[in-house]
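Read through the structure below, which is laid out as structure tokens, and then see the notes.
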Amino acid sequence: MEDVFVYVQGKFMCLIIIFRSMKCYLCKTCLFVAIILTITSCARTPYDITNKKYRKQAKALTKTIRLTEPVTLTDSAAAVIPSDWVGTVNFGLRKPNYVIIHYTAQKTAQETLTAFTDPKREVSAHYVIGRDGKIYHMLNDYLRAWHAGVAKWGNNTDVNSSSIGIELDNTSEEPFAPAQINSLLALLTKLKKAYNIPTANFIGHSDIAPPRKQDPGVYFPWKTLAKKGFGLWYDDTLIPCPDDMDIIMALRIVGYDTSDLKSAIIAFKRHFIQTNIDPQFSGPEMDVLYNLYRKY
Ligand SMILES: [Zn+2]
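Take the sequence shown: its position 70, counting from 1, is numbered 70 in my numbering, and each next residue is one higher.
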């Protein structure tokens, strides 16, 4: 609220000064003050303060990257293992290899922006997309956002470190706005190309945290995304699955953590079936699982 107050106050000051400068256009002092205050006040946004903090935190991280100290280790006899620093000249930044899609479960994008700029909330994402299609880029793609939480996909147990998080403004009980999905598709196209992200690695928060999360939910158009190359989908014609198909193995091959099997089945169905998320498979749903797992 403090940030918003500063923003409104800045705009108000700006209007007053412009108005005054128009009335006393011969007064050089007034015009000078108007120019200075216009530059300083009109440029303010509600996020000037948190944007400044962002730059400060990013700068602090470069100190870690610039460290050139050799690893310090001891062997089983507590003797120091010799080590030295010899910097290579052949390196680059690590790239994200997954995209995790979320809904915000909020009424407005503004509520999400407020939460993600509040240090007490300790949550964030790289992007937030409003219902109107506006994209808010909140974190450099190379940095680690706090969007996945405790999660697992395959043997990847630190999804935040390898992924980009995208939050869609949505209450969780409504279809996604077409403008929002259009912007999402444009963003995914850019990310997939920029980081060479595999088609199968566009997944949802509920996929990587079945017992805890339901987003992006049953209204999310996964099939539409898959048609564009973001995430896998099953074929229109399904081959009946064998009677002895191992459901747990099939789910694990797709990537699901099956330590809570009931939650894993619900998560799979929330993504690929959507019309029914009971924690068991019907015959046709087993065919879907059979068709899908062979694509992974
Ligand atoms: Zn989420």
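Backbone N, C-alpha and C define an ideal beta-carbon position, used for all residues, glycine too. Model, not experiment: these values are computed from the prediction.
With distances taken from CA atoms, which of ASN276, LYS192, GLU111 is nearest GLY217?
Per the Cα distances, ASN276.
Under the DSSP definition of a beta bridge, which residues are partnered with THR74?
DSSP, once it has assigned bridges, lists VAL80 as partnering THR74.
Quick one: does the C-beta of LYS152 sit closer than 7 angstroms to a heavy atom of ligand 1?
For ligand 1, not one heavy atom lies less than 7 angstroms from the Cβ of LYS152.
Answer yes or no: do PHE230 and PHE202 have a C-beta to C-beta separation smaller than 8 angstroms?
Their beta carbons are under 8 angstroms apart, which means PHE230 touches PHE202 by this criterion.
What residue range does the beta strand (DSSP E) around PHE202 cover?
Where PHE202 is concerned, the enclosing beta strand (DSSP E) stretches over 202-204.
Between the Cα of MET245 and those of PRO211, PHE281, ARG270, HIS102, spot the shortest distance and give me the residue it belongs to.
The residue with the shortest Cα to Cα distance from MET245 is PHE281.
Cβ-heavy atom distance between ASP207 and ligand 1 below 7 angstroms?
Every heavy atom of ligand 1 is 7 angstroms or more from the Cβ of ASP207, so no.
Please list the terminal residues of the continuous beta strand (DSSP E) segment that includes HIS298.
Beyond the ends of the chain as shown, which are 1 and 296, falls residue 298; an answer cannot be given.
Could you check whether ASN291 and ILE239 sit closer than 8 angstroms to each other, using their CB atoms as the reference points?
Cβ distance < 8 angstroms, so ILE239 and ASN291 count as in contact.
If we require 4 or more residues per run, which alpha helix (DSSP H) segments fall completely within the region 105-152?
Correct list: 109-116.
Check whether the region 64-74 and the region 177-194 are in contact - that is, three or more C-beta pairs closer than 8 angstroms.
Flag = no, the region 64-74 and the region 177-194 do not touch.
Which residues mark the beginning and the end of the beta strand (DSSP E) in which VAL99 is found?
Note, VAL99: beta strand (DSSP E), 98-103.
For the alpha helix (DSSP H) that GLY283 lies in, which residues bound it at each end?
It spans 283-293 - the alpha helix (DSSP H) in which GLY283 sits, taken as one unbroken run.
Can you give the Cα-Cα distance for GLU167 and ASP207, rounded to whole angstroms?
Distance between the alpha carbons of GLU167 and ASP207: 15 angstroms.
How would you label THR258, buried or exposed, when you count the other beta carbons within 10 angstroms and need 16 or more for buried?
Answer is buried; the Cβ neighbour count reaches 16.
Taking only three categories from DSSP, how would you classify PHE5?
Residue confidence is low: PHE5 scores 46 on pLDDT, short of 50, so the model does not pin down where it sits. No coordinate-derived value is stated.
Beta-carbon separation of PRO210 and ASP287 under 8 angstroms?
Contact: no.
What residue range does the alpha helix (DSSP H) around LEU188 cover?
Unbroken alpha helix (DSSP H) run through LEU188: 178-195.
State the DSSP-derived secondary structure class of PRO46, mapped to helix, strand or coil.
Note: PRO46 maps to coil in three-state DSSP.
Alpha carbon to alpha carbon, how far is ALA151 from ASP158? Give it in angstroms, no decimals.
So the two alpha carbons sit approximately 7 angstroms from each other.
Can you list, in chain order, the residues of its chain with a C-beta nearer than 7 angstroms to that of GLU122? Leave out the 5 residues immediately preceding and following it.
Contacts found: TRP146.
In three-state DSSP terms, what is LEU67?
In this structure, LEU67 counts as coil in the three-state DSSP scheme.
Can you tell me which of the three DSSP states SER163 falls into?
SER163 falls in the strand class under three-state DSSP.
How far does the alpha helix (DSSP H) with LEU225 in it extend, from its first residue to its last?
222-227 is the extent of the alpha helix (DSSP H) around LEU225.
Can you say whether GLY283 is buried or exposed, counting buried as having 16 or more other CB atoms within 10 angstroms of its CB?
Classification of GLY283: exposed, given that the 10 Å Cβ count is below 16.
For GLY133, I'd like the list of residues in its chain whose CB is within less than 7 angstroms of its CB, leaving aside the five on either flank, ordered along the chain.
Hits under 7 angstroms: ALA179, GLN180, ASN182, SER183.
Look at LEU232 and ALA200 and say whether their C-beta atoms are less than 8 angstroms apart.
Against a cut-off of 8 angstroms, the Cβ pair of ALA200 and LEU232 comes out as a contact.
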